[in-house]
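Protein sequences, first through last, are from chains A and B. So in our numbering the end of the first sequence lands on 247, straight run, no missing numbers. So in our numbering the end of the second sequence lands on 449, straight run, no missing numbers. Glycine included, each C-beta is placed from N, C-alpha and C at the ideal position. To keep things clear, I will list the structure first and then write my remarks on it.
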Amino acid sequence: MSVDLTAARTLSLADHTVRELNAALHAPDAERWEVLDPGGRHAIAAGLDAEISVEVAGHVGYYCAGMNQRASVHIRGNCGVGIAENMMSGKVVVDGDASQAAGATAHGGLLVIEGNAAARCGISLKGAEIVVGGSIGHMSAFMAQSGTIAVCGDAGEALGDSIYEARVYVRGEVASLGADCVAKELLEEHRLQLGELLERAGHGDLDPGEFRRYGSARRLYNFDVDDAGEY
Amino acid sequence: MSDSNGTPRPGWRDGLRESATFDRATLHEIRRAAREGIYDIRGGGAKRRVPNFDDLLLLGASVSRYPIEGYRERCDTDVVLGTRFAKRPLKLDIPITIAGMSFGALSGPAKEALGRGATAMGTSTTTGDGGMTPEEREHSKTLVYQLLPSRYGMNPDDLRRADAIEVVIGQGAKPGGGGMLLGQKISERVAEMRDLPAGIDQRSACRHPDWTGPDDLEIKIEELREITDWEKPIFVKVGATRPYYDVALAVKSGADVVVLDGMQGGTAATQEVFIEHVGIPTLAAIPPAVQALVELGMHRKVQLVVSGGIRSGADVAKALALGADAVSIGVAALVAIGDNAPELGREYEAIGSAAGFYDDWHEGRDPAGILTQDDELAARLDPELGGRRLANYLRTLVQETQTLARACGKSRVQNLEPEDLVALTVEAAAMARVPLAGTDWIPGTEAR
Ligand SMILES: Cc1cc2nc3c(=O)[nH]c(=O)nc-3n(C[C@H](O)[C@H](O)[C@H](O)COP(=O)(O)O)c2cc1C
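Written out as structure tokens, the structure is:
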């Protein structure tokens, strides 16, 4: 089915089911979509795989934009657990706050949360970029493998526990670092990467030099008896 | 002093007596722990004896029950999995599937052999921790794609390419534990599929990253259905611990199929203490699982697939008689395609083991080319031959199952029922909830 680049569709979840919405979005006949009355429903705009843009006028439940590919999804409200979980590509923007596990295991694409994100933001991240305008909760970036998380506010306890090669930048305070996560020097390379990411996320006004960088000490990569207590 | 087969061992003298408490394996383990300072890791399932299907017998026909004529009268073996919600349920010719085993643990040729054998017999294979490889998709007509806590390689394209989705909550070998793949097996290809640096020890998460508890699971399943347009059956796999509750919660969460893996179930690598001491035997797990399904009015509507220590058609028949719709095999399939083969005895000895005993699968040096990521070793396994051997083995299991079902007068293997079974031991009678042979006593319930 070809996508009409000029067409726009509006669909209200007061009149349609999530199934009807997603079925339409999985075989889109228009480029721009507006979803009204989301009412906190789950799995809204999950599994998209097309260069379309979807604007959701209100709060969404769990797994909104789950496994997103290519699409651009904008939530004009707050979101429940697992926003953009396992995203592969595309962009997801949340105007409000996000619940737990935002961007969990995401492989690619950009997730922007303007407000705060709760616990486990970027858990097991696998390559995507996450920018949070506010603060993030505890155990964020747990086992994060690759990709970048930039936090303009503070980070909760046990940041980056058991982190692999993901990069974490925090502008404010970090309550505590998790096992094998350490503060690292912000080199020019990181300043450039972060500046460019903030720019794309609409936070270009912030100075990347104000952020601190965190990552893996790589001490737990291969088992060593003397580190056993850390596991 | 003699080993368990009664063979005297070197150093034996009259008067030496081995301790039942501190036997040789125990002494060896104490010394190993003192040397290395880390728990023992190995593959396979529990080695200790636990009550199992050998403790049950089928009754066969008698004056009041008449049998089905072997080779003449039909005894159907097909099964449909995922009839509850999925638009495209799996239609399998035989009630024996190949369990999830990861690429990473297994070599590429081993995965291909499993796909070829299963496809030849009209049954399914399953991916594992580490994602779907193109080879296994190509060689498996019916492929179940696992969604594990690690989410290695998880992507929506493979989700849509799969024929069913299996949400893995636990495994019988290690309920409550995550996966483990040590540095030796994290080759470049495995590392890339998992987004990890090559050569590091990798411990997969034991909890899903984006949901906890049955209420969340229900929403997660709904998301998976939405992503795949409600086409694919959704399996939920649990390790056998509290099967009555876990099966009920899986059904409540919207599963099409429940996979129940007993404590004897194999694993690629985990702590020995986990394998031997956590979970309940397959035999003990089936009756409470079936009870939960019956009470919910879902027996045969949500299909039950049972795994953990299935070796023969007798095991298959007994699992079906207890109420399973199908069974799944792991270790037996690996043995069928050539693992631990006696012909490789010298080579197993060269790596400090012996054919039939090799279980250091995490080290990745399997001379059979099955549990390895070493290209040279992997190239030793001929996937076509392995596939033929697996098909032969499955064919034999099916014939044996049919033989027993016909003897019990069943024209369909799933028509086997608890009434066809008795137990040899009091323990097995209590666990399987069938009478002790020659009595009408089912320990733990009133006499029937
Ligand atoms: C080598 C190997 C790798 C395995 N990998 C996985 C896996 O990735 N995911 C999973 O759910 N179970 C895994 N299992 C467990 C099997 O799916 C299955 O539950 C078990 O093997 C059944 O018991 P059996 O081996 O006695 O037949 C693995 C088992 C083996 C032997």
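According to DSSP, which residues form a beta bridge with residue i?
i, result
"B/Ile371", "In DSSP, B/Ile371 forms no bridge with anything."
"A/Leu27", "A/Val51"
"B/Glu167", "B/Gln147, B/Phe236"
"B/Thr454", "With chain B represented from 2 up to 449, any question about residue 454 of chain B goes unanswered, as that position is not in the structure."
"B/Phe104", "B/Leu107"
"A/Cys95", "A/Val76, A/Ala114"
"A/Val190", "A/Ala171"
"B/Leu437", "B/Ala424"
"B/Ala327", "B/Val306"
"B/Gln203", "B/Leu182"
"A/Arg183", "A/Thr164"
Between the options, which lies nearest to residue i when the distance is taken from Cα to Cα?
i, options, result
"A/Gln296", "B/Asp217, B/Ala356, B/Ile330", "Outside the shown range of chain A (17 to 247) lies residue 296 of chain A, about which nothing can therefore be said."
"A/Leu74", "A/Glu130, A/Gly176, A/Ile152, A/Val110", "Checking the displayed sequence, the identity of residue 74 of chain A turns out to be Gly instead of Leu. Of the candidates A/Glu130, A/Gly176, A/Ile152, A/Val110, the one whose C-alpha sits nearest the C-alpha of A/Gly74 is A/Val110."
"B/His140", "B/Arg389, B/Ser188, B/Ala206, B/Glu30", "B/Arg389"
"B/Gly370", "B/Tyr394, B/Glu350, B/Asn341", "B/Asn341"
"B/Leu395", "B/Arg117, B/Gln304, B/Arg138", "B/Arg117"
"B/Thr84", "B/Val435, B/Ile443, B/Phe236", "B/Phe236"
"B/Gly46", "B/Leu378, B/Leu323, B/Ala270", "B/Ala270"
"B/Phe275", "B/Met181, B/Arg73, B/Arg75", "B/Met181"
"B/Leu422", "B/Thr373, B/Ser329, B/Leu323", "B/Leu323"
"A/Gly98", "A/Arg187, A/Glu130, A/Ala87, A/His58", "A/His58"
"A/Ile129", "A/Tyr185, A/Ala122, A/Val148", "A/Val148"
"B/Leu372", "B/Gly267, B/Pro150, B/Ala320, B/Arg14", "B/Gly267"
"B/Lys319", "B/Glu74, B/Pro96, B/Met133", "B/Pro96"
"B/Ile311", "B/Pro215, B/Ala325, B/Val303, B/Met299", "B/Ala325"
"A/Asn102", "A/Gln161, A/Ser69, A/Trp49", "A/Gln161"
"B/Tyr72", "B/Ile220, B/Ala406, B/Lys233, B/Arg226", "B/Ala406"
"A/Thr22", "A/Leu29, A/Phe227, A/Trp49", "A/Trp49"
"B/Pro288", "B/Arg33, B/Glu418, B/Met155, B/Ser125", "B/Glu418"
"A/Glu212", "A/Ala166, A/Asp177, A/Ser28", "A/Ala166"
"B/Leu250", "B/Thr229, B/Ile222, B/Glu420", "B/Ile222"
"B/Ala334", "B/Pro90, B/Ala114, B/Val303, B/Leu294", "B/Ala114"
"B/Asp164", "B/Pro176, B/Glu227, B/Lys92", "B/Lys92"
Using a Cβ-Cβ cutoff of less than 6 Å, which residues in the same chain neighbour residue i once the five nearest sequence positions on both sides are dropped?
i, result
"A/Val76", "Pro54, Ile60, Ile91, Cys95"
"B/Arg366", "Ile352"
"A/His154", "Ala135, Gly172, Glu173, Ala174"
"A/Cys137", "Ala118, Ile152, Ser156"
"B/Gly445", "Ala431"
"B/Gly263", "Gly173, Ala241, Pro282, Thr283, Ala286, Gly309"
"A/Ile139", "Ala117, Ala120, Phe158"
"B/Val260", "Phe236, Lys238, Val306"
"B/Ala293", "Tyr245, Val248, Ala249"
At a threshold of 7 Å, does residue i count as lining ligand 3 (C-beta to nearest heavy atom)?
i, result
"B/Met102", "No copy of ligand 3 occurs in the structure displayed; its ligands are ligand 1 alone."
Could you pull out every residue in the same chain whose Cβ sits closer than 8 Å to the Cβ of residue i, ignoring the five residues on either side in sequence?
i, result
"A/Ala233", "Asp196, Cys197, Val198"
"B/Ser313", "Leu398, Glu401"
"B/Ala448", "Annotation note: pLDDT 49 at B/Ala448 (below 50); position unreliable, no value reported."
"B/Gly439", "Val423"
"B/Ile1", "Here chain B has residues from 2 to 449 only, and residue 1 of chain B is not among them."
"B/Ala206", "Pro150, Ser151, Gly179"
"B/Trp362", "Arg43, Gly44, Gly45, Ala106, Ala269, Ala270, Leu372"
Closer than 7 Å by C-beta to residue i: which residues in its own chain qualify, once you throw out the five before and the five after it? Chain order, please.
i, result
"B/Ala62", "Pro68, Ala408, Cys409, Gly410"
"B/Ala429", "Pro52, Asp56, Leu57, Leu284"
"B/Ile201", "Gly184, Ile187"
"A/Glu189", "Asp170"
"B/Lys142", "Thr120"
"A/Tyr237", "none"
"B/Met122", "Asp94, Ile95, Ala392, Leu395, Arg396"
"B/Leu28", "none"
"A/Ser105", "Gln85, Arg86, Gly124, Gly125"
"B/Leu197", "Ile187, Gln203"
Item to complete: Return the residues of the segment 53 to 76 of chain A that lie within a Cβ-Cβ distance of less than 8 Å from chain B, sorted by chain order.
Response: His58, Ala59, Ala62, Gly63, Asp65
Fill in: Contacting positions in the segment 30 to 52 of chain B - beta carbon closer than 8 Å to chain A
Under the 8 Å Cβ criterion, the segment 30 to 52 of chain B contributes Glu37, Gly38, Ile39.
Practice prompt. Using a Cβ-Cβ cut-off of less than 9 Å, list which residues of the segment 218 to 235 of chain B approach chain A; keep chain order.
Written response: Ile220, Lys221, Glu223, Glu224, Leu225, Arg226, Glu227, Ile228, Thr229, Asp230, Trp231
Worksheet item: Any residues in the segment 87 to 98 of chain A with a beta carbon nearer than 9 Å to a beta carbon of chain B? Which ones, in chain order?
Response: Gly96, Val97, Gly98
Worksheet item: What are the residues of the segment 187 to 204 of chain B that lie near chain A, defined by any Cβ-Cβ distance shorter than 7 Å?
Response: Asp196, Leu197, Pro198, Ile201, Asp202
Item to complete: May I ask you to list, following chain order, the residues of the segment 32 to 44 of chain A that have a beta carbon less than 8 Å from some beta carbon of chain B?
Response: Val34, Arg35, Asn38, Ala39, His42
Discussion item. Counting only Cβ-Cβ distances shorter than 9 Å, please list the residues of the segment 153 to 170 of chain A near chain B, keeping chain order.
Written reply: Phe158, Met159, Gln161, Ser162, Gly163
Worksheet item: Going along the chain, which residues of the segment 125 to 153 of chain B sit with their C-beta nearer than 9 Å to a C-beta in chain A?
Response: For chain A, the residues of the segment 125 to 153 of chain B that bring a beta carbon within less than 9 Å of one of its beta carbons are Pro150, Ser151, Arg152, Tyr153, in chain order.
Worksheet entry | Interfacial residues, the segment 121 to 141 of chain A to chain B, with Cβ spacing under 8 Å | Thr121, His123, Arg136, Ile139, Ser140
Discussion item. What are the residues in the segment 171 to 191 of chain A lying within 9 Å of chain B by C-beta distance?
Written reply: Within the segment 171 to 191 of chain A, the residues whose Cβ lies closer than 9 Å to some Cβ of chain B are Ser178, Tyr180, Glu181, listed in chain order.
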